[in-house]
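Each remark here refers to the structure printed beneath this line.
Residue numbers (this note's numbering), protein chains in the order written: chain U, 1 to 372; chain S, 1001 to 1372; chain L, 2001 to 2394; chain F, 3001 to 3394.
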């Protein structure tokens, strides 16, 4: 039982922070990125080494763990950076690392690690909420390959993806090259201004090698848990930044003849936000450590607990930050709203606090109730 | 749709308030009453006319309604007065009025109205929570009478009762004289210092005339709803008094060089308590009006909504009042605790907020969802 | 005391209900139910129907062409119209300027402006807030200097709702400097087409632009456009803000949104979810308590402990409750709330096929927009200050 | 970083667990589990067992006879002892006076007092609060005037925990008037048997009397009973109150009470209630977040944004959470929480037969008693002031 950060951890954190300070200027962070800016930032993130952090050294990655992902995600969260990486590309690469064939790994992972290829996770379907169901996307074996039909929705970074990890059929996962005939993407932006898309497979034919052997719903769920842990860290960074910028505003803005920060009610709001922050940070650590656990029940229980804690903290702090900024907080110019929107997107992604509370209770009843 | 109070209403309210101011001095209100004090206060309450308020003029009562009961209950709540009346004697008389035989009514009601006889409601049994279940107290027909066996618990005012309305057997209610052989009372005090008792019927034999014809679970439930509405009003009065005494304390008590009431956080606490109060008052009116409704579903829905509203308000205001009084609020000498304890007893009586929320939802689903 | 509405009121309710059912255009009803953004033309489409029926200014007395309703009738109208899917009455001409003109306007001003407001021909913007001054009306720095039979107005107004589709502006300007900041303020009417006026729309958190900045640069305003006495504008402004009590709790809107939760839960397979049922039940009860509190405060001998701040109590509780409902709506939407299509939110075509189920698509924007209700019209914090202060000094 | 405890810590946990299982008297365990009131003899029965094992002063270093545990070991001990049904360590000799004597006491004071504390022979009361002075230590008005080799002490101490069963008092007294109220305060030890001391028990909201008033009327205290430097007592008092960090969040107590909720729900037919499960789940998660926050703050490079107020954060959240658990306990009790039998709560016979199921009878008293935890040791309001102030001036 130890949450200590090593010197290497601190160095990584500081490097990512410095990068983010330069790449994502505070006064415009959260603004929607044009495709060219998005591409150049992607290259810069690759240069920084983020995409290879948790990829094995055998495939040109750094061979690190979810803890390092957490540290990086937290820093990206502070400046609303990172595009689709955490929510989509990270879990896709995780699936490949855990369950991909050797050929799949050697084809994709080294290129992912250096940012030359982007692989997105396409699992959600229309009408689903958060539980994984049997996909409506069909996979029919044909000759030596597979014929895929159906639509995956809300895929972050779909427009820029070179390929997709697609769940289909009874319980299978495929790698589908984006250029495959029959694959089309309807692009749009999500609430936080980031690019996403619905991916339609209209008689898309993939080879037999596209099937990810050994993969199925269990690996998909593990990947989603893994990404959820990283989103928790990202949210924590966003919460911290939001507290800082809100407090700065309260220090400067005057009302009734004194700075707002002199009002005790607003001071207590700051205290509560700080307590939310510290608890979120702790649970982000717990989620990162749990993400590596082989025990699926314990993993589910701890990661759901983290998502509940951070989801509630994000909601409270997001609402508080807007309220504290007053009318200014309702405008697009004010950064508070951009942070609140990203936190809102994170909350609705992979399950909100209500969903994860029920999931926690389910796994609580199955477990022994004592994590120690 | 009208909540207006008439001149008669105001006169009744003022009379009860004046009485309570004299009979229940603020500095000792909530203290446990010795039996002699309790008896003399009972006589004074009878003198004031409270016990006959809603009893028909044919039986020497005033023939008024639940609205007048509400006004009186609210005033009693302000000074923690009234002993077991609302929780026990009021619903017992209600059952008699609604479902008693002529002979039962003429025997009991005129004496109840003037305070010469006390009839308590004995319905709760060990192991029950709030839903009415089939009584474990048995009623076996024997000769021309009934043989009763079993125990009723938590009967307010049991020690001073001359008789009990007892639910027993499949679905029957009986009037049982307290002097009946085999009837015994184990007296104790509840958390609020008031007298209560468990009533054991050990082969108690009552005559055939003791059966309340036409009575059953529906009438018992109506009586409980009726008493619940009055308890809501009582709680509202207690909440108001608690806000007043807490605010007075905050005005006088100094900390860090100024009266506590100068601290904005405490001011906002007062504002929230006042909002709770106004909403409680409104729902106490609604409950009183619903108590007279013939539509059992609407009655259940509205009275449960009132108990939820007032239960939550009572919990919040009770906790707030103790917190505001600091260490002083933890002592028996301070009145805040006495109010908080009475409110706690009311909350746990006839169903707490969680129970009534579920009951509301059940009746909501059955009703049309629109009370207008 | 009784819970039932009178036979007259029930008949009135049915009258309103059938009017809404028969006259609200289906396309507009759908726009409201989907939570899409409304433009002036949308509101006017409804207000014109109301005008024909004599209901376009629900709060106005008969002598000025209003229906002369009792508070209870206005309450019933509000509820029935909103539950029937009609847009809210947002026109500040009806809600704000009208009562001020009726109270202190000249005969000429009344004759010139009131009928055009009722007919939805003239739309009025409200110009009270300025940069650096929040809810504090006395901080007005926009100046108006007399020049013959005109005033020359210079300044900067902020957070002006719907200014981009308004014809006229009513505002507070400083006509005299004074040691007491409340003095020397004048209530003035300004034609938005006057040279020197620039409107800059402010892009909002939800992508909409209901609010604007207005720059006034040597704007010439005829002296006859002063309302009431010169230098007494602060009191008129206060009167205006305190005037509109019916509806401050937003009961009708809350009921409309709770109905939306139910409909969405039904449509998206959550009707039997016990956790949702519990939260919805709790919100229904809170709404009921608030609704009956508003009604009780209209009743005789039922004034609250601090009558002067009843509106503040209803506002605080009503807005915070409505925000909770929007939060629940967002939760019901699940991942369907994430795609964001500005054109579709405006009711334009948007992306084809739609990027999210039409009934879920606007929920995130609606949630974000709802954050404003605890800020505008006096923040919840300011309201709580007022409530406790009034109680402590009573 | 790792979630698992080390093999050594796990072994230690098992050691504590089996010690508690084997040595905690069954009657005492039952008293704790039923939430009954504990007297000095109850605590001593357990502390003596701990003393034999060398664990009676868990927070003390080895050189003073403590076990010299790491923070993590103390945390494990606390949790295992409480989950095993042991009483809390409440002795202020161990928790409060000990650390002060170790830091600034003379050799004679250490030799005379520390071993007797460890052996539970001497019980110490804490005399800081006075009438009119809440958490503000500097408001001390009790005076100590030098008279030869003694001080003459006069004053009135309030809210003194367990004074009715204590042998000695450590307190703050004013030995010099000063313009700065923090100066001129001295930390002093007083024998409770000294003539002139009157203890008046204060009856509490739950019927208990853990707290007392102490009147000091010309009490003669030997000069050697001054701890540390004369007039520097304020800083020792602050040191003392800030010293005890492990346990401030009350994780062990919260876990103990959550286990009680589960046991009661099982025993009273509520194990399958979905609403209860949801509330319990939410509390478990909150407790987990708080627990890991306390543990994270013990870890390297994981200090919070405002390290100086970490204890305040843990205290605010931990006490409010624990109160929510007591609230839930009360709800689980239902009508069984209403009968009140003082004798039974003391663990005496009480009424026969018992007026309520024994496992429900004390829940209302426990709930009421729990209201104190957000008041004592600095109210939640004061803690939030401290947290925001530290952050804003950092």
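The beta-carbon is built from N, C-alpha and C at its ideal position, and this holds for glycine as well.
| Asked | Found |
| --- | --- |
| Residues of its chain near residue 189(U), where Cβ-Cβ distance is below 8 Å and the 5 sequence neighbours each way are ignored | 32, 195, 196 |
| Chain L residues whose Cβ lies nearer than 8 Å to that of residue 3274(F) | 2274, 2275 |
| Endpoints, beta strand (DSSP E) assigned at residue 3188(F) | 3185-3191 |
| DSSP state of residue 1205(S) mapped onto helix, strand, coil | strand |
| When 258(U), 68(U), 104(U) are compared against residue 13(U), the one with the closest alpha-carbon | 68(U) |
| Residue 264(U): contacting residues in chain B (beta-carbon distance under 8 Å) | In the displayed structure, chain B is absent; the protein chains listed are U, S, L and F. |
| Residue-chain proximity (residue 2016(L), chain U), Cβ-Cβ < 8 Å | no |
| Anticipated Cβ contact below 8 Å, residue 3038(F) with residue 3087(F), distance rounded | 6 Å |
| Contact under 8 Å by Cβ, residue 3056(F) with residue 278(U) | no |
| Rounded separation between residue 123(U) and residue 152(U) - CA only | 6 Å |
| Buried versus exposed, by CB contacts within 10 Å (16 or more), residue 3393(F) | exposed |
| 8 Å contact criterion, which residue 2323(L) and residue 2374(L) should meet: CB distance rounded | 7 Å |
| Those residues which DSSP pairs with residue 2215(L) across a bridge | 2156(L), 2198(L) |
| CA nearest to the CA of residue 2364(L), picked from 203(U), 362(U), 340(U), 214(U) | 340(U) |
| Extent of the continuous alpha helix (DSSP H) run through residue 36(U) | 35-48 |
| Amino acids of chain F, ordered along the chain, whose beta-carbon sits closer than 7 Å to that of residue 2278(L) | 3275 |
| Neighbour flag for residue 3031(F) against chain U, beta carbons, 8 Å | no |
| is_contact[residue 198(U), chain S] using C-beta, thresh 8 Å | no |
| Interface flag, residue 1010(S) vs chain L, CB-CB below 8 Å | yes |
| Meets three-Cβ-pair contact criterion under 8 Å: the region 111-127 of chain U and the region 84-102 of chain U | yes |
| Against chain U: residues of the region 2354-2375 of chain L by CB proximity under 9 Å | 2355, 2356, 2357, 2364, 2365, 2367, 2368, 2369, 2371, 2372, 2374, 2375 |
| Members of the region 3317-3346 of chain F that neighbour chain U once the beta carbon cut-off is set at 9 Å | 3317 |
| The region 3224-3242 of chain F in contact with the region 3279-3299 of chain F per 3-pair CB rule at 8 Å | no |
| Short CB-CB distance (under 8 Å) between residue 2229(L) and chain U | no |
| Which listed residue (2165(L), 2237(L), 2064(L), 2163(L)) has its alpha carbon closest to that of residue 2139(L) | 2237(L) |
| Residue 1232(S), DSSP secondary structure in three states | helix |
| Distance, residue 3308(F) Cα to residue 70(U) Cα | 26 Å |
| Residues from the region 3191-3206 of chain F in contact with chain S, defined by Cβ distance under 7 Å | 3202, 3203, 3204, 3205 |
| Residue 1283(S) versus residue 3120(F): straight-line alpha-carbon distance, rounded | 55 Å |
| Spatial neighbours of residue 2018(L) in its chain, beta-carbon cut-off 6 Å, leaving aside the 5 residues before and after | none |
| For residue 1020(S), the first and last residue of its enclosing beta strand (DSSP E) | Residue 1020(S) -> not in any beta strand (DSSP E); alpha helix (DSSP H) instead, spanning 1007-1023. |
| Contact list for residue 1363(S) against chain U, beta-carbon separation under 8 Å | Those within 8 Å of residue 1363(S) in chain U number zero; the least Cβ separation is about 24 Å. |
| Chain U contacts from the region 1019-1041 of chain S (Cβ-Cβ distance under 8 Å) | none |
| Alpha-carbon spacing of residue 3240(F) relative to residue 3188(F), whole angstroms | 13 Å |
| 8 Å Cβ cutoff met for residue 2335(L) and residue 116(U) | no |
| Assigned exposure category for residue 2381(L) - 16 Cβ within 10 Å defines buried | buried |
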